[in-house]
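Enquirer: Please find one structure pasted underneath; my questions will follow.
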């Protein structure tokens, strides 16, 4: 009962915090910048985790038998994979956005527009939806006979498909993210040295550089927070893919807390989130 209460609170807070992010960006036109639209996409995938995946994973982890039926079991597995892919896809787009903002700031507003960002988000969502549907259909066996009437976990039938999925949906995106952020770090340091060596600069240029670097730092924390949560689990699942027990199921639940942590990071580092959250909670959103 204690674990049910704990996981229910995690689920409720995850939904609540990500709803604040979604309402803030979607309802306030001034916040609908390309970067914030990418944060909105990430918040929607985190909302799905809190709304569907965490409650269902709680039942699957704590109950000895699965009682929600075959179709909801398949939906749980699909949603889990989909949210993982959507989060990673959003983080790749965020990394590209920050790379252009820091490394090519003069061309940022011409290259990264709101329309292009929306198109990229739509393409990412469509690709993730189709890819994970094919993956679940081809390589996942949902029903596994056991002493229980029904259990909800899966065994990937082919090692080849598991390796391909690991490369496509994790290794390649993570390599892109890490490479871009290392480049951002190198360029940011070079810009700071140039500012110091060139003496006095205009206040607007210094402020703009600081703003872009701060945004890159904040979103970098979001990116590497994701990697810290997910990299160990991917390799544990890869090595012990054929095994299933309560401890492995509980380990698979832990990365879902990433969806709870993301809006907490926004609350600490983004002043606009603090202001809009306060107005939403006091029902004064129209005053923003």
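Residue numbers (the working numbering): 35 to 322. Where a beta carbon is used, it is the ideal one built from N, C-alpha and C, also for glycine. Owing to the predicted nature of the structure, the values given are computational and were not obtained by experimental measurement.
1. Please classify residue 68 as buried or exposed, where buried requires at least 16 other C-beta atoms within 10 Å of its C-beta.
2. By the three-class DSSP mapping on this structure, what secondary structure does residue 66 have?
3. Just checking my contact of residue 136 with residue 290 at CB under 8 Å: how many whole Å lie between their CB atoms?
4. If we ignore side chains and look at the alpha-carbon of each, how far apart do residue 216 and residue 251 end up?
5. Going by beta carbon distance, what residues of the same chain come within less than 8 Å of residue 207, once the five residues before and after it are set aside?
6. Leaving out five residues before and five after residue 148 in sequence, what residues of the same chain have Cβ atoms less than 8 Å from its Cβ?
7. Using the three-state DSSP reduction, which class does residue 197 fall into: helix, strand or coil?
8. Can you check whether the C-beta of residue 134 is within less than 7 Å of a C-beta belonging to chain B?
9. Can you tell me the Cβ-Cβ gap for residue 44 and residue 78, rounded? I've got them flagged as a contact below 8 Å.
10. Look at the Cβ atom of residue 262, then the Cβ atom of residue 299, and state whether they are nearer than 7 Å.
11. Looking at C-alpha atoms only, which residue of 38, 50 and 46 is the closest neighbour of residue 315?
12. I need the DSSP call for residue 35, collapsed to helix, strand or coil.
13. Measure the C-alpha to C-alpha separation of residue 163 and residue 155 and round it to an integer number of angstroms.
14. How many Å lie between residue 264 and residue 203 at the Cα?
Expert: Judging by the given coordinates:
1. buried
2. coil
3. Not confirmed; about 31 Å, so no contact.
4. 12 Å
5. 122, 123, 125 and 126
6. 66, 67, 68 and 71
7. helix
8. Annotation note: the requested chain B is absent from the structure, which comprises a single protein chain.
9. Not a contact, Cβ separation roughly 18 Å.
10. no
11. 50
12. coil
13. 12 Å
14. 12 Å
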